[in-house]
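Enquirer: If you scroll down you'll find the structure; I have some questions about it.
Protein chains: 4
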Amino acid sequence: MWSTKEPGAGGDGILSHPTGPRSDRIHAQVLAATQELLDEGGLPAATVDAIAQRSGVSKATIYKHWPSRTAVAAKAFGHMMAEELPLPDTGNSRDDLTEQVRRVSTFYASPRGEVFAQLLAACVDDPAAAPYFRVYFLAGRREAVTTLWQRAVDRGDASPDTDVDDVIDILFGPLIFRRLTGHYDLTDEHAEKLARTALDGLMRSTV
Amino acid sequence: MWSTKEPGAGGDGILSHPTGPRSDRIHAQVLAATQELLDEGGLPAATVDAIAQRSGVSKATIYKHWPSRTAVAAKAFGHMMAEELPLPDTGNSRDDLTEQVRRVSTFYASPRGEVFAQLLAACVDDPAAAPYFRVYFLAGRREAVTTLWQRAVDRGDASPDTDVDDVIDILFGPLIFRRLTGHYDLTDEHAEKLARTALDGLMRSTV
Amino acid sequence: MWSTKEPGAGGDGILSHPTGPRSDRIHAQVLAATQELLDEGGLPAATVDAIAQRSGVSKATIYKHWPSRTAVAAKAFGHMMAEELPLPDTGNSRDDLTEQVRRVSTFYASPRGEVFAQLLAACVDDPAAAPYFRVYFLAGRREAVTTLWQRAVDRGDASPDTDVDDVIDILFGPLIFRRLTGHYDLTDEHAEKLARTALDGLMRSTV
Amino acid sequence: MWSTKEPGAGGDGILSHPTGPRSDRIHAQVLAATQELLDEGGLPAATVDAIAQRSGVSKATIYKHWPSRTAVAAKAFGHMMAEELPLPDTGNSRDDLTEQVRRVSTFYASPRGEVFAQLLAACVDDPAAAPYFRVYFLAGRREAVTTLWQRAVDRGDASPDTDVDDVIDILFGPLIFRRLTGHYDLTDEHAEKLARTALDGLMRSTV
DNA sequence: TGATAAGCGAGACGGTACGTCTCGTCTTCCG
DNA sequence: CGGAAGACGAGACGTACCGTCTCGCTTATCA
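Protein chains in written order, with UniProt numbering: chain X, 1 to 207; chain V, 1 to 207; chain C, 1 to 207; chain B, 1 to 207.
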């Protein structure tokens, strides 16, 4: 499985290249500029030229640190989303998970949710960027749900035999499907219904 | 909700422009050429220039009939997938649905599944193409599952109160999620496990 | 030499095709529409589609009557310029010719002079249109100067041996040269100087 | 007046953009390719795509160096004509000028004269290209005649008060007029007659 | 401290597809 | 059956973004 821990600069294996003090400055500037651009105009606005111009880092240097513009954007997006979405904690495992589904649904429907969808889409055509999206964004999201699920297991509300990866896919896959195809709007009501049905299958022991 | 019936020539509302006998020839030629290109090199190969050249239809004409190359590809893909995936019929509703999930999982992992993912991704950045993908491809897939689910309801294996759209999202959303992020391979075993868990929540009365 | 007489409908040899009352209506509508377009936006505005739309005559029909859009424009332009530029008549041949040069210079510098230049240029790349420009526009201009020159000959101010075609070329060729290359503005002073020098060579007997 | 000196790379004001060693290579390749195309098929053959393909320089780069294909062609044409047409030197000013007129007339009637006419015509609809044609082609031609005229002045055959620009226009404007409208062929006899008449006005003191 | 090499900014460049435009032909159907 | 309407093929246009490259300047490390 892909690593879920936040890699430090220079310690993320295949995902980074140069090292040292200059490198740190470059990373910071590029990511900051990219975050601005993503917020202003989504992925389409985060062209390499735009990032280079705004960050003051040259295109050549960017390509020495990242394999593609999508990779840059994925990492920048992961960092800007890191502090968002604090975990719910109602004392009830099922309620916590339901609330999390609702929050993610709301996020998908927001402007940054649009960026999320663009990034997910871009990774399809850019295999080199996919690991960046997984490590710097998805890992954090999965970790959050893993925490909630572990609580449920600890409380005896869920079976320790159920693979948390399946839990994640079943709870959030449907939301992503809807977000991408656009065949339905993402509403709180819908998110709750989805969570209820999914959790019925996942946490049947709690019924 | 978006229509699920296959629109006839000239009868698909916003999705087509010119009409008449000449139009029919153009549609046939363009779609045939696009299908070939999709099979040969996926969405990236289906450039408007390539489609124009192979079909003998000029670019300008293509743009009169479709809003973008993604829309052309979506319709072509829908047509080429129309006859695939016959419905399973084991006599057992739950087995049928499980088998369908397995088949779709296999499809997603195939070359044409790659095209599916590319199309889904392309629609994120091309809102005009999204309805084409929904009407000409997704609708057919949803219809198939709707049939299976209806059987289950008729047999008393499922509640008529459950919205089939939710069923579809829960059964296939997770597969799509995995297909897009690539964080796991799509295996038969995994598909079965997913189906089992999801159906536990959806068809609890059958337990 | 090319004919200088205004050809009647159906009587201008290679320059026209259909005949009859319907033809007359079509000619009138097309030329009127084209004249409007030329005045509004010059030659670039007189596209075949625009002419067809404004005149109510179909493109196919236009191409039955003229070999190209430039030919249409040339004829339309000739007709709209037919009444302009009355001949000067000061009683002095040399003054008349000088005045004519000045007037033509002014015309070249006007908006319609721009159209003249565009038409002249278009005929370079459209041999089929050239005769239309010569017959329907240039012939009329040359005829005017021929009249002036004949007066001079009759008065004994010019030699009957001098070919009037050479006179025309020498008097107006320089203006056209300047108009096309744009290396100088066309001013009255310049036109007069040009006429003076040229007429010194052409009408030496008058010195 | 516009400059008549051949501008060096990077020193031609509005007429060029990038500079440096890479730029030199691009200019050389593009102009060489364009010259070939002009000789093979005239201006219509010198499309930007064709120039790009043959020169190995991308379209985008061409558009960074020149405002339009006409500008490229004008410069290429100027360079390929630079060595042509050595000055006549018979010892007699009037004969030299007459000979020059004859040579230019012959040139206009040649295949490259056709290109000249196409270029002149194209500049009418492409104001951005006009300065290129003036600087890189016309300037050289005017310079040649200026030399001949200066000789005449030095020998006392012509008045120093006569503006050489007028001389040029009167000697060559008529040829251009005929070349463009095509109302007469360009023959040696005609050129001589034209030169004789024009020079009668210009060099009357020599009679 | 000064040399040497690597990192870097600036931006030119080739490549490739885009979506648009106008021409002149061809088809369809109406009066 | 002539003509209006307009679909159509052809092919050039000029633009956008990608990712690579070349060029000097700057910075960091080692002689």
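Ideal placement from N, C-alpha and C gives every residue a C-beta, glycine not left out.
Which residue from X:Pro111, X:Phe177, X:Ala139 puts its Cα closest to that of V:His183?
Expert: It is X:Ala139 whose Cα lies nearest to the Cα of V:His183.
Enquirer: Output needed for V:Glu192: all residues of its chain with C-beta closer than 8 Å, excluding positions within five of it in sequence on either side, in chain order.
Expert: Around V:Glu192: Thr98, Val101, Arg102.
Enquirer: Which residue marks the beginning of the alpha helix (DSSP H) containing C:Phe99, and which one marks its end?
Expert: The sequence shown places Glu at residue 99 of chain C, not Phe. Residues 93-109.
Enquirer: V:Trp2 to X:Arg179, Cα distance in whole Å?
Expert: For V:Trp2, the pLDDT reaches just 39, beneath the cut-off of 50, and the residue's location in the model is therefore unreliable, although a value from the coordinates is still provided. Taking the straight line joining both Cα atoms gives about 15 Å.
Enquirer: Would you mind working out which of V:Val135, V:Ser58, V:Met81, V:Ile176 sits nearest V:Val30, comparing C-alpha positions?
Expert: Taking only the C-alpha atoms, the option nearest V:Val30 is V:Ser58.
Enquirer: Quick one: what's got a C-beta closer than 6 Å to B:Ser55's C-beta in the same chain, skipping five residues either side?
Expert: Taken in chain order, the residues that qualify are Gln29, Val30, Ala33.
Enquirer: On the premise that B:Gly173 lies in contact with C:Ile176, defined as a C-beta separation below 8 Å, what is that separation, rounded to the nearest angstrom?
Expert: With a Cβ gap of about 6 Å, C:Ile176 and B:Gly173 count as contacting.
Enquirer: What first and last residue would you give for the alpha helix (DSSP H) that runs through B:Leu138?
Expert: Unbroken run through B:Leu138: none, as it is neither H nor E.
Enquirer: I'd like to check one pair, B:Leu194 with C:Asp166: are the Cβ atoms closer than 9 Å?
Expert: Yes. Within cutoff.
Enquirer: Is the Cβ-Cβ distance between C:Leu186 and C:Gln118 less than 9 Å?
Expert: For C:Leu186 and C:Gln118, no; Cβs fall outside 9 Å.
Enquirer: DSSP three-state label for residue 264 of chain B, please.
Expert: Residue 264 of chain B falls outside the range modelled here, since chain B spans only 1 to 207, and no answer is possible.
Enquirer: If we count the other Cβ atoms within 10 Å of its Cβ and call it buried at 16 or more, is X:Ala82 buried or exposed?
Expert: With fewer than 16 Cβ atoms within 10 Å of its Cβ, X:Ala82 is classed as exposed.
Enquirer: For C:Cys123, collect the residues of the same chain with a Cβ closer than 6 Å to its Cβ; drop the 5 residues on either side in sequence, then sort them by chain order.
Expert: If we look at C:Cys123 and ignore the five residues flanking it on each side, its Cβ neighbours are Ala129, Ala130, Phe133.
Enquirer: Could you check the C-alpha separation between X:Lys75 and X:Pro127 for me, to the nearest Å?
Expert: If you take the alpha carbons of X:Lys75 and X:Pro127, they lie about 14 Å apart.
Enquirer: I want to know whether the segment 62-74 of chain B touches the segment 157-166 of chain B - three or more CB-CB distances under 8 Å.
Expert: Segments in contact, no.
Enquirer: Whose C-beta lies closer than 7 Å to the C-beta of X:Phe116 among residues of the same chain, with five residues either side of it excluded?
Expert: Excluding sequence neighbours, X:Phe116 sits near Tyr108.
Enquirer: Three-state secondary structure (DSSP) at B:His27?
Expert: Helix.
Enquirer: Looking at chain B, is there any beta carbon in it that lies within less than 9 Å of the beta carbon of C:Ile176?
Expert: Closer than 9 Å to some Cβ of chain B, the Cβ of C:Ile176 qualifies, so yes.
Enquirer: Short of 6 Å in beta carbon distance, which residues of its chain neighbour X:Leu171, apart from the five on each side in sequence? Order them along the chain.
Expert: Cβ within range, chain order: Val101, Ala198.
Enquirer: Checking 9 Å against the spacing of the C-beta atoms, do V:Pro111 and V:Asp39 come in under that value?
Expert: Taking 9 Å as the Cβ cut-off, V:Pro111 and V:Asp39 qualify as a contacting pair.
Enquirer: Between V:Tyr132 and chain X, is there a C-beta pair that is closer than 9 Å?
Expert: Not one chain X Cβ lies under 9 Å of V:Tyr132.
Enquirer: CA-CA distance, B:Ile51 and B:Leu37?
Expert: B:Ile51 and B:Leu37: Cα-Cα distance of roughly 8 Å.
Enquirer: Chain X beta carbons: is any one of them nearer than 9 Å to that of V:Lys64?
Expert: No, its Cβ sits nowhere closer than 9 Å to a Cβ of chain X.
Enquirer: Run the CB neighbour count on V:Arg25, radius 10 Å, all protein chains shown included, and call it buried at 16 or more, exposed below.
Expert: Classification of V:Arg25: exposed, given that the 10 Å Cβ count is below 16.
Enquirer: What are the residues of the segment 51-80 of chain X that lie near chain V, defined by any Cβ-Cβ distance shorter than 8 Å?
Expert: Residues passing the 8 Å Cβ filter: none.
Enquirer: Just by C-beta distance, which residues in the segment 145-156 of chain C are closer than 7 Å to chain B?
Expert: Cβ contacts with chain B: none found.
Enquirer: State the start and end residues of the unbroken alpha helix (DSSP H) segment that holds X:Pro174.
Expert: Segment 164-181, the alpha helix (DSSP H) holding X:Pro174.
Enquirer: In chain V, which residues lie less than 7 Å from X:Leu37 when you measure between Cβ atoms?
Expert: By Cβ distance, chain V contributes nothing, its closest Cβ being about 16 Å from X:Leu37, past 7 Å.
Enquirer: Note down the Cα distance separating B:Asp154 from B:His79, rounded to an integer number of angstroms.
Expert: Taking the straight line joining both Cα atoms gives about 30 Å.
Enquirer: Mind checking which residues open and close the alpha helix (DSSP H) that includes B:Val72?
Expert: Element bounds for B:Val72: 69-80.
Enquirer: Please compile the residues from chain X whose C-beta is within a distance smaller than 8 Å of the C-beta of V:Leu120.
Expert: Chain X residues near V:Leu120: Ala121, Val124, Leu180, Thr181.
Enquirer: Indicate whether C:Pro86 and C:Asp95 have their beta-carbon atoms separated by less than 9 Å.
Expert: Result no, Cβ atoms of C:Pro86 and C:Asp95 do not sit closer than 9 Å.
Enquirer: Please classify C:Ala60: is it buried, with 16 or more other beta-carbons within 10 angstroms of its beta-carbon, or exposed?
Expert: By the 10 Å Cβ count, C:Ala60 comes out exposed.
Enquirer: Within its chain, find whatever has a CB closer than 6 Å to the CB of X:Val145; leave out the 5 residues flanking it on each side and keep chain order.
Expert: The residues are Ile168.
Enquirer: Cα separation between X:Ser23 and V:Asp125?
Expert: If you take the alpha carbons of X:Ser23 and V:Asp125, they lie about 32 Å apart.
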